[in-house]
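Participant: Every letter in the sequence shown is one number past the one before it in this note's numbering, and letter 156, counting from 1, is 156.
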Amino acid sequence: MVTDEVTVETRHYDSEEAFCWKSKGKGSYSIEPFEQKERGTRISFKFKKDADEQASPWQIRSIIKRYSDYIPYPIELNGEKVNRSTPIWAKSKSEVSADEYKDLFRYLSQKDGEPLEYIHINAEAPAQFNAIFFILRKPTDDCEALLPSWLRFVHGVVDTEDLPLNVSREVTQNSPVMAKLNKYFVKKLLSVFESWAEKDAEKFEKFWAAFGGLIKEGIHTDYDNRDKIIEIFRSRSSQSPDKLIPLREYVSRMPADRKEIFYAFGRTREQIEQNPNMEFFLKNGIEVLYLHEPIDEFVMPMIGVYQEKTLTSIDRADTSKMSSKTQKEKNEDISVNQREKMVQYFKDILKDKIGDAVESSRLIESPYTMVVGKTP
């Protein structure tokens with residue numbers, strides 16, 4: 001508390017009576033009638049001796065700008081209007097300048113800088129609303145209830161008269177209108193991201209570098225929108241190491257008889273390509289998606305199947321059904337008996353450390369590799 005006492009003097013426009021409300025912030029207050037000729041309200045403060053700076057013009061201006069910009073009523077300080085009273089989201093996009101968008105972004109974020117992009121929407125359905133969304137350049141921990149948590153890199157303002165007028169945040173969040181707006185905004189944002197991916201590769205590269213992990217979080221957590229979010233998913237691959245590709249592009253390059261989309265985990269491209277399990281795929285020209293983030297290990301099983309193709313880690317892939325001319329030629333140099341003895345040797349010396357040892361056609365140069373065993 002920065003005041004010793006707060007006084008509110010008010011008279012309603014259609015009342016002859018005026019009232020004075022006072023409180024010292026000690027759990028009680030008083031209300032008394034008093035004379036006031038003009039209608040309106042006056043709020044007065046008695047600041048504590050050590051809080052004089054709160055009454056400085058600079059501090060008052062700062063408070064007004066922070067909490068009362070974009071309201072329909074002007075606020076003056078020493079005869080000068082301080083707040084902005086015209087909300088730019090109520091205008092059409094063609095009426096708003098780039099500087100106005102930047103000012104609103106800085107006002108909402110309380111930070112300098114510019115957003116990656118802004119989205120301005122004026123619509124009549126699924127509810128009447130005006131909205132401006134800003135795509136940040138870095139993720140934030142702030143998460144508003146209007147959007148799913150994986151979209152926490154989106155800030156903005158939504159103005160609608162269709163939400164219930166209720167001081168309860170819970171009631172507002174659970175209203176049918178809020179649910180419709182949530183669905184609409186997610187669909188709109190996903191269409192914008194897809195448009196970037198198709199038409200502005202440079203912008204999408206920046207977007208994916210900053211928020212690709214959150215898009216993957218959406219695949220993992222947002223069941224209602226999962227199929228749409230999967231279409232935004234991008235990855236580099238053994239055949240596209242320098243360009244992000246969608247799953248549908250990978251599928252378009254697959255032979256008709258292949259039933260699996262292969263992927264590999266690793267911190268870098270080099271680490272993935274040094275994995276012995278990659279040898280078979282590289283040698284035989286089988287495309288493998290390159291995945292570098294910890295969340296990928298949860299996301300790929302969550303996708304599971306895409307366009308009737310099963311997503312399979314190279315560490316689990318059954319390569320025995322895929323021919324390898326190189327391996328067959330090598331096998332002709334070693335007798336069946338020699339190969340069986342070698343396999344048994346490894347079983348004997350590693351019996352307490354591995355589930356099994358088998359001859360494999362997946363290796364080209366490396367003498368051995370470790371794979372994930374099949375689930376019983």
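All C-beta atoms, glycine included, are put in the ideal place defined by N, C-alpha and C.
Does the beta-carbon of Ser28 have 16 or more other beta-carbons within 10 angstroms, so that it is buried, or is it exposed?
Facilitator: For the purposes of this step, residue 28 is taken as residue 28 along the sequence shown, with counting starting at 1. Exposed is the call here.
Participant: To the nearest angstrom, report how far apart Ile354 and Asp348 are at their CA atoms.
Facilitator: On the sequence shown, position 354 is the one that residue 354 refers to. On the sequence shown, position 348 is the one that residue 348 refers to. Going from the Cα of Ile354 to the Cα of Asp348 covers about 10 Å.
Participant: In or out: Thr319 buried (at least 16 other Cβ within 10 Å) or exposed?
Facilitator: To locate residue 319, count along the sequence shown from 1; it is residue 319. By the neighbour-count rule (16 or more Cβ atoms within 10 Å), Thr319 is buried.
Participant: Considering only C-alpha positions, which residue in the set Ile229, Ile63, Arg66, Gly213 is nearest to Lys187?
Facilitator: As a first step, residue 187 must be located in the sequence shown, where it is residue number 187. Per the C-alpha coordinates, the member of Ile229, Ile63, Arg66, Gly213 positioned closest to Lys187 is Ile229.
Participant: Tell me the rounded alpha-carbon separation between Glu231 and Ser68.
Facilitator: To locate residue 231, count along the sequence shown from 1; it is residue 231. To locate residue 68, count along the sequence shown from 1; it is residue 68. Roughly 41 Å separates the two Cα atoms.
Participant: If I follow the unbroken alpha helix (DSSP H) through Asn337, where does it start and stop?
Facilitator: The sequence position of residue 337 within the sequence shown is 337, counting from 1. Where Asn337 is concerned, the enclosing alpha helix (DSSP H) stretches over 336-349.
Participant: Mind reading off the beta-carbon distance from Val343 to Val358? Whole number of angstroms is fine, and I expect it under 8 Å.
Facilitator: In the sequence shown, the residue the question calls residue 343 occupies position 343. In the sequence shown, the residue the question calls residue 358 occupies position 358. Correct: roughly 7 Å between the Cβ atoms.
Participant: What residue range is occupied by the uninterrupted beta strand (DSSP E) comprising Asp159?
Facilitator: Along the sequence shown, read from residue 1 onward, the residue named residue 159 stands at position 159. Where Asp159 is concerned, the enclosing beta strand (DSSP E) stretches over 154-160.
Participant: Does the Cβ of Glu76 have 16 or more other Cβ atoms within 10 Å, making it buried, or fewer, making it exposed?
Facilitator: Translated into the one-based positions of the sequence shown, residue 76 becomes position 76. Exposed, since its Cβ has fewer than 16 Cβ neighbours within 10 Å.
Participant: Let me confirm a value: Glu434 is counted as buried when at least 16 other C-beta atoms fall within 10 Å, else exposed. Which label applies?
Facilitator: The displayed coordinates of the chain run from 1 to 376. Any statement about residue 434 would go beyond what the structure contains.
Participant: If you drop the 5 nearest sequence neighbours on each side, which residues of the same chain put their C-beta closer than 7 Å to that of Leu104?
Facilitator: Residue mapping note: residue 104 aligns to position 104 of the sequence shown, counting from 1. Counting only Cβ-Cβ distances below 7 Å, and skipping sequence neighbours, we find Ile88, Ile132.
Participant: Report the option in Ile43, Leu311, Asp14 whose CA atom is closest to the CA atom of Lys37.
Facilitator: For the purposes of this step, residue 37 is identified with residue 37 of the sequence shown, where counting begins at 1. Here the closest residue by C-alpha is Asp14.
Participant: For Gln54 and Phe47, I'd like the C-alpha separation in whole angstroms.
Facilitator: On the sequence shown, position 54 is the one that residue 54 refers to. On the sequence shown, position 47 is the one that residue 47 refers to. If you take the alpha carbons of Gln54 and Phe47, they lie about 8 Å apart.
Participant: In terms of residues, what are the limits of the beta strand (DSSP E) holding Glu260?
Facilitator: The count along the sequence shown starts at 1 and reaches residue 260 at position 260. It spans 260-265 - the beta strand (DSSP E) in which Glu260 sits, taken as one unbroken run.
Participant: On the three-state DSSP scale, how would you describe Ile75?
Facilitator: Indexing the sequence shown from 1 puts residue 75 at position 75. Coil.
Participant: Can you tell me which of the three DSSP states Met222 falls into?
Facilitator: Stepping through the sequence shown from its first residue, residue 222 is reached at position 222. The question names Met, but residue 222 is Asp in the sequence shown. If DSSP states are grouped into helix, strand and coil, Asp222 belongs with coil.
Participant: Closest to Ser44 by C-alpha separation, out of Glu5, Glu35, Phe19, Pro33, would be which residue?
Facilitator: Numbered from 1 along the sequence shown, position 44 holds the residue referred to as residue 44. The shortest C-alpha separation from Ser44 is found at Glu5.
Participant: What is the rounded straight-line gap between the Cα of Lys206 and the Cα of Ser56?
Facilitator: Translated into positions along the sequence shown, residue 206 becomes position 206. Translated into positions along the sequence shown, residue 56 becomes position 56. Lys206 and Ser56: Cα-Cα distance of roughly 43 Å.
Participant: Please name the residue in Met254, Arg269, Trp196 whose C-alpha comes closest to that of Ser238.
Facilitator: Taking the sequence shown and counting its residues from 1, the one referred to as residue 238 is at position 238. Among Met254, Arg269, Trp196, the Cα nearest to that of Ser238 belongs to Arg269.
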